[in-house]
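Residue numbers (my numbering), protein chains in the order written: chain A, 2 to 240; chain B, 451 to 743. Here the structure is laid out as structure tokens; the discussion comes afterwards.
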Amino acid sequence: MADALLEVEDIVTQYGPVVALHGVSFRVPEGQIVTLLGANGAGKSTTLRTISGLLRVTRGQILFDGKPLHKMSPEQIVRAGVVQSPEGRQVFADLTVDENLEMGAYTRRDRAGIARDKQRVFEYFPVLGQRRSQPAGTLSGGEQQMLAIGRALMARPRLLLLDEPSLGLAPLIVREIFEIVQTINRDEGITVLLVEQDVALALHVAHYGYVLTTGTVALHGPSDQLRADESVRRSYLGY
Amino acid sequence: MNVGLQDIINGLAQGGVYGIVALALVLIFRSTGIINFAQGEMATFCTLLAWTFIVANGWPYWFGFTLTLGVAFLLGAAVERVVVRPVEKAPELVIVIVTLGLFLVFESLSHGIYTGPIKQLSWPLGEGAVRVGDLFIGKARIGVLVASLLIMLLIFAFFRYTKVGLAMRAATSNPNAARLMGVSVDRMLMLGWGLSSMVGAAAGIFVANLTGLDPSLMLGVLIYAFAAAVVGGLTSPFGAVVGGLIVGVLENIAGATSFIGSDLKTPAAFLIIVLVLLVRPNGLFGRARVVRV
């Protein structure tokens with residue numbers, strides 16, 4: 002079996018003395034959308050933060066294209082092609098939309114490529130183009146989410162980490178954003194690791210899913226399988 | 451009442467200096483939420499260093515000026531790395547005490563190393579004044595005003611048009627998101643302190659043009675600079691500049707009136723500042739922190 006683009010092997014992450022991840026393992030094959038599901042506090046965001054280097058693993062390893070991501074700094078991880086759109090958008094509120102996108106390309110030097118990628122972001126999210134000179138803090142929640150994703154795209158990721166994009170957004174906007182994510186995955190071949198609380202939505206767009214409970218993987222499988230699974234249906238889908 | 455254009459111009463030159471120091475204070479406050487109480491003393495120390503380079507060692511003025519700015523930058527960055535960073539996450543009171551401690555350290559250094567009479571450190575723009583109609587404007591004052599405005603413009607341009615300036619603004623706005631973009635927030639903090647120290651040193655050298663140079667150089671300036679920063683709004687660099695000019699002009703106008711005179715000009719200036727804050731608590735250009743939930 003070919004090595005996956007991202008291999009997370011038995012990672013343990015702690016916040017001080019509190020163990021948040023008790024040995025999490027999963028793999029993300031290249032070109033796919035894989036989702037990490039689970040209730041609040043299950044460890045989904047902690048997993049993404051660990052992958053991005055904001056938290057160190059106490060045990061285990063994270064391999065990206067064979068490279069040991071868990072030993073790299075956040076800057077090196079971005080340069081390697083793993084970029085996150087964080088939970089709660091976390092746009093730079095005082096900076097303009099345009100400047101936010103520029104910051105996304107912080108690790109790059111190719112001006113022409115950056116300009117081209119900015120245009121592509123505006124094609125995916127036209128509203129960002131309309132508001133490009135506005136401070137990001139004045140955008141609506143949905144627009145900020147688009148900006149967060151666009152900002153991540155500016156780093157030319159091979160693997161895009163999306164942390165709870167649906168949080169606090171109206172269903173219509175969420176659907177629109179997820180369609181664009183699917184398009185990006187299809188057209189650009191960007192691999193996506195999606196953390197979501199909205200299980201139905203996540204299983205709709207993802208190819209494969211992992212269900213986390215209190216810091217371990219409880220269940221995993223192709224999305225159709227998960228959707229049909231008894232425990233998933235009862236705990237997360239409500240029927 | 452003898453208030454005239456002369457006083458306003460003096461006030462603008464003085465205010466230019468307050469503006470730069472206020473700018474240095476705002477720089478650090480915006481990026482770290484820390485008020486650097488040692489700002490003035492660090493600037494004094496660097497100005498005394500400039501005197502050493504230029505007068506004691508006899509090096510060319512502008513060479514000494516630039517060298518001082520370079521040393522100031524390194525000094526500021528080193529202070530951040532060694533003194534401030536370890537207490538960054540401590541409660542505010544601890545950080546305040548640390549910067550007050552820095553104040554004492556640099557004040558002692560200045561007094562200890564530079565004894566003796568008041569020194570002179572004027573730049574080579576020539577003595578005398580320029581005559582415009584009925585006014586005599588000292589060349590030194592014009593120089594200070596122009597140089598202050600120049601520095602402010604450079605700082606604005608740095609933050610607005612350079613990649614590093616943008617990264618620093620991003621690191622201030624949202625440090626965690628900045629890390630996710632690959633920005634070293636720690637390095638940005640060092641840069642911020644270095645820049646602030648550099649700007650402070652420049653301010654010190656300018657003030658030395660207007661008055662004599664001794665270890666108490668920046669004591670008075672610092673208080674006015676604080677007032678300027680508060681009037682302008684502690685988070686607004688533009689406000690710091692405007693605040694500086696306002697405070698400088700007010701101080702000089704108040705001092706010129708026979709009613710207030712130079713004895714009461716300081717309290718008078720502060721009184722007006724209190725009035726401004728009563729009307730606009732966040733300063734003229736400051737923004738109340740709005741957090742979008």
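Note that CB positions come from ideal geometry on N, CA and C, so glycine has one too. This one's a predicted model, so the numbers in the text were calculated from it and none came from an experiment.
Selected residue, minimal CA-CA separation from residue i, among the options
i, options, result
"A:Gln245", "A:Tyr211, A:Thr192, A:Gly190", "This structure gives no information on residue 245 of chain A, because the portion of chain A shown stretches from 2 to 240."
"A:Glu100", "B:Met492, B:Phe503, B:Gly615, B:Lys539", "B:Gly615"
"B:Ala675", "B:Val467, B:Thr612, B:Phe553, B:Gly461", "B:Val467"
"B:Val529", "B:Gln464, B:Ile478, B:Leu734", "B:Ile478"
"A:Ala81", "A:Leu70, A:Pro87, A:Gln91", "A:Leu70"
"B:Ser572", "B:Phe503, B:Thr549, B:Phe656, B:Val580", "B:Phe656"
"A:Leu162", "A:Met104, A:Val182, A:Arg110", "A:Val182"
"A:Arg110", "B:Val681, B:Gly562, B:Lys613", "B:Lys613"
"B:Leu559", "B:Glu491, B:Glu542, B:Phe609", "B:Glu491"
"A:Thr217", "A:Ile178, A:Ala40, A:Ala156", "A:Ala40"
"B:Ser481", "B:Phe735, B:Glu538, B:Thr707", "B:Glu538"
"A:Ser141", "A:Leu170, A:Thr192, A:Gly130, A:Arg121", "A:Leu170"
"B:Glu557", "B:Phe487, B:Ile601, B:Pro567, B:Phe735", "B:Phe487"
"B:Leu585", "B:Gly454, B:Phe720, B:Phe735", "B:Gly454"
"B:Ala463", "B:Asp713, B:Ile703, B:Ala718", "B:Ile703"
"B:Asp636", "B:Ala527, B:Tyr611, B:Val476, B:Thr502", "B:Ala527"
"B:Lys569", "B:Ala500, B:Ile458, B:Val681, B:Val671", "B:Ala500"
"A:Val206", "A:Thr215, A:Leu213, A:Ala219, A:Pro223", "A:Pro223"
"B:Val680", "B:Ile722, B:Ala658, B:Ile587, B:Asn460", "B:Ile722"
Residue i beta carbon near the ligand NAD (any heavy atom closer than 6 Å)
i, result
"A:Glu124", "With respect to the ligand NAD, the structure shown offers nothing to examine, as it has no ligands at all."
Buried/exposed call for residue i, threshold 16 Cβ in 10 Å
i, result
"B:Glu701", "buried"
"A:Arg50", "buried"
"B:Gln489", "buried"
"B:Gly733", "buried"
"A:Ser134", "exposed"
"A:Asp188", "exposed"
"A:Glu165", "buried"
"B:Val724", "exposed"
"A:Gly17", "exposed"
"B:Pro731", "exposed"
"B:Arg742", "The predicted position of B:Arg742 is uncertain, since its pLDDT is 44 and thus under 50; no value can be drawn from it."
"A:Met2", "Per-residue confidence for A:Met2 stands at a pLDDT of 45, beneath the threshold of 50, marking its modelled position as unreliable; the derived number appears in the next sentence. Looking at its Cβ environment, which holds fewer than 16 other Cβ atoms inside 10 Å, A:Met2 is exposed."
"A:Pro172", "exposed"
"B:Ser646", "buried"
"B:Met451", "Note that B:Met451 scores a pLDDT of 44, beneath 50, so its modelled location is shaky and nothing firm can be said."
"A:Asp118", "buried"
"A:Arg235", "exposed"
"A:Thr192", "buried"
"B:Leu554", "exposed"
"A:Lys45", "buried"
"A:Pro127", "exposed"
"A:Glu144", "buried"
"A:Gly67", "exposed"
"B:Tyr564", "buried"
Anticipated Cβ contact below 8 Å, residue i with residue j, distance rounded
i, j, result
"A:Val79", "A:Thr108", "5 Å"
"A:Ala203", "A:Thr36", "4 Å"
"B:Ile485", "B:Thr549", "7 Å"
"A:His208", "A:Phe27", "The Cβ separation is near 13 Å, so there is no contact."
"A:Ser53", "A:Gln85", "5 Å"
"A:Ala137", "A:Ala106", "Incorrect: roughly 15 Å between the Cβ atoms, too far for contact."
"A:Val25", "A:Leu7", "Not really, about 12 Å apart at Cβ, beyond 8 Å."
"B:Gly736", "B:Gly698", "Contact doesn't hold; Cβ gap of about 19 Å is too wide."
"B:Ala620", "B:Met631", "7 Å"
Within-7 Å CB hit, residue i to chain E
i, result
"A:Arg117", "The structure shown contains no chain E; its protein chains are A and B."
Q) Quick one, which residues of the stretch 620 to 639 of chain B are near chain A if we go by CB-CB under 7 Å, in chain order? A) Ala620, Ser623, Asn624, Asn626, Ala627, Arg629, Leu630, Met631, Gly632, Val633, Ser634
Q | Validate contact between the stretch 677 to 694 of chain B and the stretch 523 to 535 of chain B using beta carbons, cut 8 Å, 3 pairs | A | no
Q: For the stretch 661 to 676 of chain B and the stretch 638 to 647 of chain B, state whether three or more C-beta atom pairs, one from each stretch, are separated by less than 8 Å.
A: no
Q.
Against chain B, which members of the stretch 101 to 127 of chain A pass a CB distance test of less than 7 Å?
A. Glu103, Met104, Gly105, Tyr107, Thr108
**Q.** At least three beta-carbon pairs within less than 8 Å, the stretch 508 to 522 of chain B to the stretch 666 to 685 of chain B
**A.** no
Q: Residues of the stretch 158 to 176 of chain A with a CB closer than 8 Å to any CB of chain B: list them in chain order, please.
A: none
Q: Name, going along the chain, the residues of the stretch 586 to 616 of chain B whose beta-carbon falls closer than 9 Å to a beta-carbon of chain A.
A: Lys613, Leu616
Q: Can you give me, in chain order, the residues of the stretch 60 to 91 of chain A that have a beta carbon less than 7 Å from any beta carbon in chain B?
A: Pro75, Glu76, Val79, Arg80, Gln85, Pro87, Gln91
Q.
Short of 7 Å Cβ to Cβ, which residues in the stretch 45 to 58 of chain A face chain B?
A. Ser53, Leu55
Q) Does the pairing of the stretch 9 to 20 of chain A with the stretch 59 to 68 of chain A give three or more beta-carbon distances under 8 Å? A) yes
Q) Would the stretch 609 to 627 of chain B and the stretch 494 to 504 of chain B be scored as touching if the rule is three or more Cβ pairs under 8 Å? A) no
Q) Is it true that the stretch 81 to 93 of chain A meets the stretch 595 to 613 of chain B, where meeting means three or more beta-carbon pairs spaced less than 8 Å apart? A) no
Q | Cβ contact check for the stretch 514 to 526 of chain B and the stretch 644 to 651 of chain B: 3 or more pairs under 8 Å | A | yes
Q: Assess, as a yes-or-no matter, whether the stretch 149 to 165 of chain A is touched by the stretch 88 to 106 of chain A under the definition of 3 or more beta carbon pairs within less than 8 Å.
A: yes
Q. Just by C-beta distance, which residues in the stretch 187 to 203 of chain A are closer than 7 Å to chain B?
A. none
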